[in-house]
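One structure is given below, encoded as structure tokens.
Residue numbers (this note's numbering): 2 to 943.
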């Protein structure tokens, strides 16, 4: 069984910053409540239990104790204790693989079915979250007897997980946990908004707010804990001559702790510091600390005062400046580095001695766990200290505030560049044989470990992240980035392949390219970074499999007129020489997205520009990252091909129509199907969201439209009035009206709230294929199969004008943003109509070539054959030839952008099941558009 996983996630993993267990006799009531819930087999028992509370109140200690007891009773299936201090322990993509591995180890019933699931899909552990959950948890465990004894899964500190991933995990569990009635899922978190908002919608949930438990109960538990620990301190330090602790001192410490166990635990560590061996002085420092008036009302005021006391104790030494400098250098790195570094590597990264690190941490043992060996990393005891030390309003000693700003991030970025510049080299691991795959190199792991130090691996992984958080136009950083771009990019790709992180290289290049452009770096640097992104998109799979091929096959097949090839081919001796067939520049399609097995019928960019969705005749929808082209998820549920897709205005939901006569609503955060909408008797032709996203309209081959509640999927009304299939549906800008076109040659105007027909608009002699509202919602236009164009009063339905000029079927119509011009397009011509004159006057721009229509930023339109994509400028007198698509017949296209040609990208769905993403800025124009915005239909001027 091979799954990527976080080995230190389990409650008993032995990691340094793991929570302790509850002291015997404390937390009795809440422990009994959770154990009773977890063991209950009664029908109606909530599958999820949410234990929430403020930072430091003891959530992790409680659930660790629960996990121990469940494990002892052989009912623990798995546990994942999140922590931001380790990149693996806050990575949502490792949660389900880690839990699946633990489940297989915990129960003989689980092992074979999970093993079988992995054998059927060896890549399931590397897929997006919904596919992981379904393939590793839901489907395998769904095969078991639902009446079996309960199995507990523990997820601690979910707020420490990456935010979007945490939301997705919650939604998946809440949506599907009831399908596994024997599963009990215990989740702890702070009351963070993104988590609370998901739980607010949950119905079948047990919940306990830990900071709402009676003060007397918590006070009693704290007193028991503090008395026991103080007694232990004197024994541990062998201070027999020191008098015992008075009840008054214990009472005072209990009072200062409030409800926060982390206050008590931090105090105990501070008092019992073995290096100081002066427990009474440290106790007095804590008890004498007074709150400022400003902080008295905050939930963490006592905890903040304790942390301030710990820091102030550092300043008791003489050299204040040296202490602060060491603190910022060492502790600042521990807090801000993206991943913990072992002690030796940390010293190398921050460029100080081990003595400096030891001195910086010596008096911080109450808040930072010191490593016992050079190969271990120091860890922060509790996330509340990180929150405190990075918040200037909470940390009242300015010198100790750690800010990820003008000092820390540039220093870390520069250090990353320095490490790569001094250490990276060609064939760094000494593989030599370029014919070998990485997997075929004997002892590769040891070779990589010897050649790439831990701090160098960190630099390779995270330099771009630090760069992106650095202030723009930082001269030292600009120079370092230029040096890296011109000398080390290929070596960096090799290193990323060897350490198994090449998949993040595209994101790194995008972050670096964006920073370089915003900082107005030299054009050569910007071009090189853009080339590097194209390079890894084109050759990433090859390089991931064989690191040394970056210098051979990958470089040899790189376009010869690019900056990257010209710069690096001079110094690299490739074993491959390509005689002919290599392009001069990168091909127009900067990435081809492969994920469908049949023709692609629909593509659409999300309104926020983050996602690209595609629908196919293979019955699936695919969701893609619009920036990198990475496949995010495949949505399955339809039984026949997809006909139409549409994003909600907030980009959180996707609607799909199908030949199976249904619509489906999809949650794009979890990938789950929210609802299946049934109401049509024949295939769904198209779907459209209302501008506010609350309603959904669909047209069908059954001659009807349906109105739906876009949140729940509930059917609102069936709109009847057409006698042939519905070809077009569009909401008015205010969302109050709905217009539909049909092959019965009519247009219907509907009340979008009640579903009542306002008017039936007659005038076409052929089937209506498209309708569109003007931006102000006052006019409506309709186009027909026969080439006629009509203009209507959108309020009354009164006919205004008949525009007869096209000799062929109209493909697209759209208004200018001010509503003064109407554009229409057929296979042979693009026409502009001046609507300010009475009657409307025609401005003609003929086009002789066959071409794809320039199409929508927000929607999609049927395309014809491969060819030139062209657009009209706002004056109607220039045609811009944007780019050429030499593909098989294309089915649908969509454009993403913000108005100018160099700011949009084009997605083309193809007959062969591929999606091609085109970046017009990389290709020459016959005429560069100055103020054209491509909107619904052919062209639209801003």
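C-beta: ideal position from N, C-alpha, C; glycine also.
Treat the numbers as computed from the prediction; the structure is a model and nothing was measured.
Using the Cα positions of residue 741 and residue 614, report the straight-line distance between them to the nearest angstrom. Locating residue 741 in the chain shown gives position 740, where the first residue counts as 1. Locating residue 614 in the chain shown gives position 613, where the first residue counts as 1. Their backbone Cα atoms lie some 24 Å apart in a straight line.
At the 8 Å Cβ level, is residue 6 part of the contact set with chain B, yes or no? The chain labelled as chain B is not found in the depicted structure, where only one protein chain is given.
Going by alpha carbons, who is nearest to residue 455 out of 367, 340, 599? Position 454 of the chain shown, counted from the start, is the residue given in the question as residue 455. Of the candidates 367, 340, 599, the one whose C-alpha sits nearest the C-alpha of residue 455 is 340.
Which residues DSSP lists as bridging residue 49, in chain order: In the chain shown, counting from the first residue as 1, residue 49 sits at position 48. DSSP output for residue 49 lists 186, 206 as bridge partner(s).
Residue 117, buried or exposed, once every other Cβ within 10 Å from all chains shown has been counted against 16: For the purposes of this step, residue 117 is identified with residue 116 of the chain shown, where counting begins at 1. Residue 117 counts as exposed, since fewer than 16 other beta carbons sit within 10 angstroms of its beta carbon.
Taking the DSSP output, what are the residues bridged to residue 723? Taking the first residue of the chain shown as position 1, residue 723 is located at position 722. Answer is none; residue 723 lacks a bridge partner.
Do residue 120 and residue 126 have their C-beta atoms closer together than 8 Å? The sequence position of residue 120 within the chain shown is 119, counting from 1. The sequence position of residue 126 within the chain shown is 125, counting from 1. At least 8 Å separates the beta-carbon of residue 120 from that of residue 126.
Could you have a look at residue 233 and say whether DSSP puts it in helix, strand or coil? The residue given as residue 233 occupies position 232 in the chain shown. Helix at residue 233.
Where residue 759 and residue 672 are concerned, what is the direct C-alpha to C-alpha distance, given to the nearest angstrom? Here residue 759 refers to the residue found at position 758 when the chain shown is read from its first residue. Here residue 672 refers to the residue found at position 671 when the chain shown is read from its first residue. Distance between the alpha carbons of residue 759 and residue 672: 38 Å.
Residue 896 burial status per 10 Å Cβ neighbour count (16 or more: buried): The residue labelled residue 896 in the question sits at position 895 within the chain shown. Residue confidence is low: residue 896 scores 42 on pLDDT, short of 50, so the model does not pin down where it sits. Its coordinate-derived value is still stated next. It is buried - the Cβ of residue 896 has at least 16 other Cβ atoms within 10 Å.
Residue 504: which of 232, 644, 546 sits nearest, CA to CA? Sequence index remark: in the chain shown, residue 504 carries index 503 (1-based). It is 546 whose Cα lies nearest to the Cα of residue 504.
Are the segment 43-51 and the segment 184-192 touching, with three or more C-beta to C-beta distances below 8 Å? Verdict: yes, contact present.
Nearest residue (CA-CA) to residue 999, options 522, 569, 93, 14: Nothing about residue 999 can be read from this structure; the chain reaches only from 2 to 943.
Is the Cβ-Cβ distance between residue 732 and residue 698 less than 8 Å? In the chain shown, residue 732 corresponds to position 731, counting from 1. In the chain shown, residue 698 corresponds to position 697, counting from 1. Yes. Within cutoff.
Can we say the segment 382-399 touches the segment 408-420, given the rule of at least three CB pairs closer than 8 Å? The way I'd put it, the segment 382-399 doesn't touch the segment 408-420; fewer than three beta-carbon pairs between them come closer than 8 Å.
Just verifying my parser: in three-state terms, what is the DSSP assignment at residue 710? Residue 710 sits at position 709 when you count from the first residue of the chain shown. Judged by DSSP in its simplified three-state form, residue 710 adopts strand.
Starting from residue 793, follow the alpha helix (DSSP H) in both directions and report where the run begins and ends. Residue 793 sits at position 792 when you count from the first residue of the chain shown. Unbroken run through residue 793 is the beta strand (DSSP E), 789-794; no alpha helix (DSSP H).
How far does the beta strand (DSSP E) with residue 82 in it reach, from first residue to last? Indexing the chain shown from 1 puts residue 82 at position 81. Unbroken beta strand (DSSP E) run through residue 82: 77-82.
Please classify residue 56: is it buried, with 16 or more other beta-carbons within 10 angstroms of its beta-carbon, or exposed? Here residue 56 is taken as the residue at index 55 of the chain shown, counted from 1. Taking a 10 Å sphere around the C-beta of residue 56, we find 16 or more other C-beta atoms and assign the residue as buried.
Measuring CB to CB, does residue 681 end up less than 8 Å from residue 713? The residue labelled residue 681 in the question sits at position 680 within the chain shown. The residue labelled residue 713 in the question sits at position 712 within the chain shown. Remark: C-beta atoms of residue 681 and residue 713 do not approach each other more closely than 8 Å.
Candidates 141, 599, 476, 784: closest to residue 824 by CA position: Here residue 824 corresponds to residue number 823 of the chain shown, with the count starting at 1. For residue 824, the closest of 141, 599, 476, 784 by C-alpha to C-alpha distance is 784.
Cα-Cα separation, residue 87 to residue 12: As a first step, residue 87 is located in the chain shown; it is residue number 86 there, counting from the start. As a first step, residue 12 is located in the chain shown; it is residue number 11 there, counting from the start. Straight-line measurement puts the Cα of residue 12 at about 15 Å from the Cα of residue 87.
Would you check if the distance between the CB atom of residue 635 and the CB atom of residue 659 is smaller than 8 Å? Here residue 635 corresponds to residue number 634 of the chain shown, with the count starting at 1. Here residue 659 corresponds to residue number 658 of the chain shown, with the count starting at 1. It is not a contact, given that the beta carbons lie outside the stated cut-off.
Could you compute how far the alpha carbon of residue 62 sits from the alpha carbon of residue 110? For the purposes of this step, residue 62 is taken as the residue at position 61 of the chain shown. For the purposes of this step, residue 110 is taken as the residue at position 109 of the chain shown. Taking the straight line joining both Cα atoms gives about 30 Å.
Considering only the beta carbon of each residue, do residue 427 and residue 492 sit closer than 8 Å? The residue labelled residue 427 in the question sits at position 426 within the chain shown. The residue labelled residue 492 in the question sits at position 491 within the chain shown. In contact: residue 427 and residue 492 (Cβ atoms closer than 8 Å).
As an exercise, report each continuous alpha helix (DSSP H) stretch of at least 4 residues that is fully enclosed by the segment 528-585, in chain order. Within the segment 528-585, the complete alpha helix (DSSP H) segments at least 4 residues long are 554-557, 564-569, listed from N- to C-terminus.
When you compare only the Cα positions, how much space is there between residue 850 and residue 579? Taking the chain shown and counting its residues from 1, the one referred to as residue 850 is at position 849. Taking the chain shown and counting its residues from 1, the one referred to as residue 579 is at position 578. Here residue 850 scores only 32 on pLDDT, less than 50, and its place in the model should not be relied on; the value that follows carries that caveat. Rounded to whole angstroms, the gap between the alpha carbons of residue 850 and residue 579 is 35 Å.
Contact between the segment 134-142 and the segment 98-109 (3+ Cβ pairs under 8 Å): By the C-beta criterion, the segment 134-142 is judged to be in contact with the segment 98-109, since at least 3 inter-stretch pairs fall below 8 Å.
Can you tell me the Cα-Cα spacing of residue 858 and residue 606, whole angstroms? For this step, residue 858 is matched to residue 857 along the chain shown. For this step, residue 606 is matched to residue 605 along the chain shown. Since pLDDT at residue 858 reaches only 26, below the 50 mark, its modelled position is unreliable, and the value read off the structure follows with that caveat. Computed Cα separation, rounded: 7 Å.
Consult DSSP for residue 643 and reduce its assignment to one of helix, strand or coil. For the purposes of this step, residue 643 is identified with residue 642 of the chain shown, where counting begins at 1. Correct three-state label for residue 643: strand.
Span separating the alpha-carbon of residue 6 from that of residue 819: Position 5 of the chain shown, counted from the first residue, corresponds to residue 6. Position 818 of the chain shown, counted from the first residue, corresponds to residue 819. Distance between residue 6 and residue 819, taken at the CA atoms: about 55 Å.
Does the Cβ-Cβ distance between residue 514 and residue 530 come in under 8 Å? Looking up residue 514 in the chain shown gives position 513. Looking up residue 530 in the chain shown gives position 529. Between residue 514 and residue 530, the C-beta gap is smaller than 8 Å, which places the two residues in contact.
Could you tell me the alpha carbon to alpha carbon distance between residue 844 and residue 822, rounded to whole angstroms? On the chain shown, position 843 is the one that residue 844 refers to. On the chain shown, position 821 is the one that residue 822 refers to. Each residue's Cα considered, the two are about 10 Å apart.
Residue from 226, 221, 210, 178 whose Cα sits closest to the Cα of residue 204: As a first step, residue 204 is located in the chain shown; it is residue number 203 there, counting from the start. Ranking 226, 221, 210, 178 by Cα distance to residue 204 puts 178 first.
Classify residue 170 as helix, strand or coil using the three-state DSSP reduction. To locate residue 170, count along the chain shown from 1; it is residue 169. In the three-state scheme derived from DSSP, where H, G and I count as helix and E and B as strand, residue 170 is classed as helix.
Cβ-based neighbour list, residue 621, same chain, cut-off 7 Å, excluding 5 preceding and 5 following: Working through the chain shown from its first residue, we reach residue 621 at position 620. The answer, listed in chain order, is 597, 635, 636, 637.
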